[in-house]
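Written below as structure tokens is the structure these notes are about.
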Amino acid sequence: MKQTKLIMGMPITVEIVDNNDTRLLADTFKFFQEVDNRYSTYKTNSEITHINNGLPKSKWSAEMRQVLRLCDATKQQTDGYFDIEHEGKIDPSGLVKGWAIWEAAKRLRKRDSRNFYIEAGGDIQTYGNNAERQPWTVGIRNPFNRDEIIKVLHIKNKGVATSGTYIRGQHIYSPHQPNTSLTDVQSLTVVGQNIYEADRFATAAFAMGKDGIHFVERTEGLEGYMVDNKGTATLTTGFGEYVYA
Amino acid sequence: MKKYIIGIMLLGVLVVYSLGIRHQQPKITPPTSLAANNTPSSTTSSSGTPPPTNSSSTGATSSTSQNSGGSYKDGSYTGSVGDAYYGNVQVRATISGGKITDVTFLQYPNTHSTSVYINQQAMPYLQQEAIKAQSANVNIISGATYTSQAFIQSLSSALSQA
Chain Z
94 MKQTKLIMGM
104 PITVEIVDNN
114 DTRLLADTFK
124 FFQEVDNRYS
134 TYKTNSEITH
144 INNGLPKSKW
154 SAEMRQVLRL
164 CDATKQQTDG
174 YFDIEHEGKI
184 DPSGLVKGWA
194 IWEAAKRLRK
204 RDSRNFYIEA
214 GGDIQTYGNN
224 AERQPWTVGI
234 RNPFNRDEII
244 KVLHIKNKGV
254 ATSGTYIRGQ
264 HIYSPHQPNT
274 SLTDVQSLTV
284 VGQNIYEADR
294 FATAAFAMGK
304 DGIHFVERTE
314 GLEGYMVDNK
324 GTATLTTGFG
334 EYVYA
Chain S
260 MKKYIIGIML
270 LGVLVVYSLG
280 IRHQQPKITP
290 PTSLAANNTP
300 SSTTSSSGTP
310 PPTNSSSTGA
320 TSSTSQNSGG
330 SYKDGSYTGS
340 VGDAYYGNVQ
350 VRATISGGKI
360 TDVTFLQYPN
370 THSTSVYINQ
380 QAMPYLQQEA
390 IKAQSANVNI
400 ISGATYTSQA
410 FIQSLSSALS
420 QA
């Protein structure tokens, strides 16, 4: 069974091949809706908006504190490139999406789903195999032509995230050169142990420009595929392990 | 056969040597096994002999003191493991049309922070390729986040396949 819904301003798709209990789908989408209600900076009544309007720390939810702690840790791990503070406001959306997909996937696992994927806005967590009992195939979109796939990966029990400026770039900027547009790199795809790892490091590494792929190269557990503005792709040394075509 | 081995050795020495020079890291020494076994002093002095790592005039190398005057033979060549101060280095070179077209690091140090810094500066040899359209017959697509308009386009095309 498979369903797509528009939540958090993006399509979220869940496919489960070994379980037909539709409550699994409903609960997963409900979770994403709750995440949106809490973390959306576009909603006037979200917790993050209240925080940006001065809600005292003592009233922050435990989950919010945990997510913001993860943001702090990620900032340190990425030499400051991952930074949720911008113009005096905080926006943890660069981490929340991957975190939410990973949380949702863990919940499905606890309810005996073994073969499924969750995709939100191009970021993916897979488990097990697809309906043909083959590894899930993940296509990397051509940043110059959204109708094309430029790489096909086999992804099992891992996360895949792609950062890019080509569609909605405003959420990524370099904290070290805030006025520099990140045009050298068109897109950076990261495969990680899970989507939480892949997404947060893809976001940070993208902000590093062409150095980002080297950051991915030397970060344990990550592999990457960078497409530059000339249409040349750069692969980390272990990326080939995932390449199907 | 010998000249290819010499060529690869030279390449390895050149790469490691140039890394050492370029970054002025006093702690770096060239891999001792490569340097000690395969670099008679004449080789290092005739630094124009090994082709540069990027395409350049390869035909001009014959005027040096080396016997191997011609260009390199096509193929993929793996260098020996060099034990540098900061860890092992091993490269593989691909020769095509007589020129070095690719240099891949098979091993490189990644243990402590100094090495990490060096790697950051000195690892420009990740594999590259021109992007090429593949079959769009995949389960899932990874790409950057959609705007709502692009989303509508995408969703409709996606649903038409679903």
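Residue numbers (my numbering), protein chains in the order written: chain Z, 94 to 338; chain S, 260 to 421. Even for Gly, the Cβ is constructed at its ideal location relative to N, Cα and C. Please read these numbers as outputs of a predicted model, since none were measured by experiment.
Proximal chain Z residues relative to residue i, where beta-carbon distance stays under 9 Å
i              : result
S394 (chain S) : G232, I242, V245 and A338
C-beta neighbour in chain S for residue i, strict 8 Å
i              : result
V110 (chain Z) : no
S256 (chain Z) : yes
L328 (chain Z) : yes
I100 (chain Z) : no
T325 (chain Z) : yes
V160 (chain Z) : no
V128 (chain Z) : no
V320 (chain Z) : yes
M94 (chain Z)  : no
V189 (chain Z) : no
V107 (chain Z) : no
I260 (chain Z) : Residue placement at I260 (chain Z) is poorly supported in this model, since its pLDDT is 41, which falls under 50; the coordinates are not used for a value here.
Own chain residues within Cβ distance below 8 Å of residue i, not counting five before or after
i              : result
L148 (chain Z) : E140
L315 (chain Z) : V283, V284, G285, E290, A291, F294, V309 and T329
Y376 (chain S) : Note that Y376 (chain S) has pLDDT 45, beneath the 50 cutoff, so the model's placement of it is unreliable and the number below is only indicative. Counting only Cβ-Cβ distances below 8 Å, and skipping sequence neighbours, we find nothing.
N222 (chain Z) : V110, N208, P228, W229 and K249
K303 (chain Z) : D277, V278, M319 and D321
K391 (chain S) : none
G333 (chain Z) : none
N113 (chain Z) : M94
Residue i vs residue j beta-carbon contact at 8 Å
i              : j              : result
T327 (chain Z) : Q387 (chain S) : yes
S186 (chain Z) : T134 (chain Z) : yes
T97 (chain Z)  : I109 (chain Z) : no
V320 (chain Z) : P236 (chain Z) : yes
T325 (chain Z) : A389 (chain S) : yes
I217 (chain Z) : I248 (chain Z) : yes
R162 (chain Z) : G402 (chain S) : no
K190 (chain Z) : A213 (chain Z) : yes
N398 (chain S) : T230 (chain Z) : yes
A395 (chain S) : I242 (chain Z) : yes
L117 (chain Z) : L201 (chain Z) : yes
R131 (chain Z) : M157 (chain Z) : yes
G257 (chain Z) : S280 (chain Z) : yes
Q393 (chain S) : A166 (chain Z) : no
A198 (chain Z) : F124 (chain Z) : no
I400 (chain S) : G215 (chain Z) : yes
Contacting residues, own chain, Cβ-Cβ under 6 Å from residue i (five flanking each side not counted)
i              : result
N287 (chain Z) : W195 and G252
A297 (chain Z) : T171, Y174 and F175
V128 (chain Z) : A193
K95 (chain Z)  : E108
T219 (chain Z) : Y210, W229 and I248
F299 (chain Z) : S256, I265, L281 and G305
G232 (chain Z) : I242 and V245
Beta-carbon contacts of residue i that lie in its chain and below 7 Å, excluding the five residues immediately before and after
i              : result
T312 (chain Z) : F294
Q126 (chain Z) : I100
K136 (chain Z) : N130 and T142
S154 (chain Z) : E140
Y335 (chain Z) : L246, H247, I248, V284 and E316
R204 (chain Z) : L117
Contacts of residue i in chain S (Cβ-Cβ under 8 Å)
i              : result
N235 (chain Z) : I390 and A392
S280 (chain Z) : G402 and A403
W229 (chain Z) : N398 and I399
Within chain S, the residues that residue i reaches when beta carbons sit closer than 9 Å
i              : result
I194 (chain Z) : None at all; the shortest Cβ gap to chain S is about 12 Å.
I306 (chain Z) : L385
Cβ-heavy atom distance, residue i to the ligand ZN, below 7 Å
i              : result
T219 (chain Z) : Here there are no bound small molecules, and the ligand ZN is not part of this structure.
Chain Z within 8 Å of residue i, Cβ atoms only
i              : result
I399 (chain S) : yes
Residue-chain proximity (residue i, chain B), Cβ-Cβ < 8 Å
i              : result
D165 (chain Z) : Protein chains Z and S are contained in the structure displayed, whereas chain B is not.
Item to check | Residues of the stretch 207-227 of chain Z with Cβ closer than 8 Å to any Cβ of chain S, in chain order | outcome: Y210, E212, G214, G215, D216, I217, T219 and N223
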